Amino acid sequence: MKDLFSKKRTSRYLEHKAPSQTTTTTTNTTKTTTATTTTTITTTTTTTTTTTTTVNNNNNNNNNNSNMYCHHYHHKQQQ
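Residue numbering for the sequence shown follows UniProt numbering, beginning at 1 and increasing consecutively.
Below you can see the structure in the form of structure tokens.
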């Protein structure tokens, strides 16, 4: 019986006090949106230049060798 009495007393106290007690709840909501755009541009330029030069010096070399041989031979003859 004692428990029932204390429960009644508590609920009467809350009923009596409830109108004068005010609870204010303030909720601040901040929404942040971040957009990130990444653009990557890669440019590769490859330039290849090949130059081939062919010079036929066989005739000139033969002539030079012949001249040298002749000169050498002639020189020997002069001694």
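C-beta atoms are modelled at their ideal positions from N, C-alpha and C, and glycine is treated no differently.
This structure is a prediction, so every number in the text was calculated from the model and none was measured.
- The C-alpha of Thr54 is placed about 43 Å away from the C-alpha of Ile41.
- Rounded to whole angstroms, the separation of the alpha carbons of Thr33 and Thr39 is 20 Å.
- Here the alpha carbons of Thr30 and Thr47 stand approximately 55 Å from one another.
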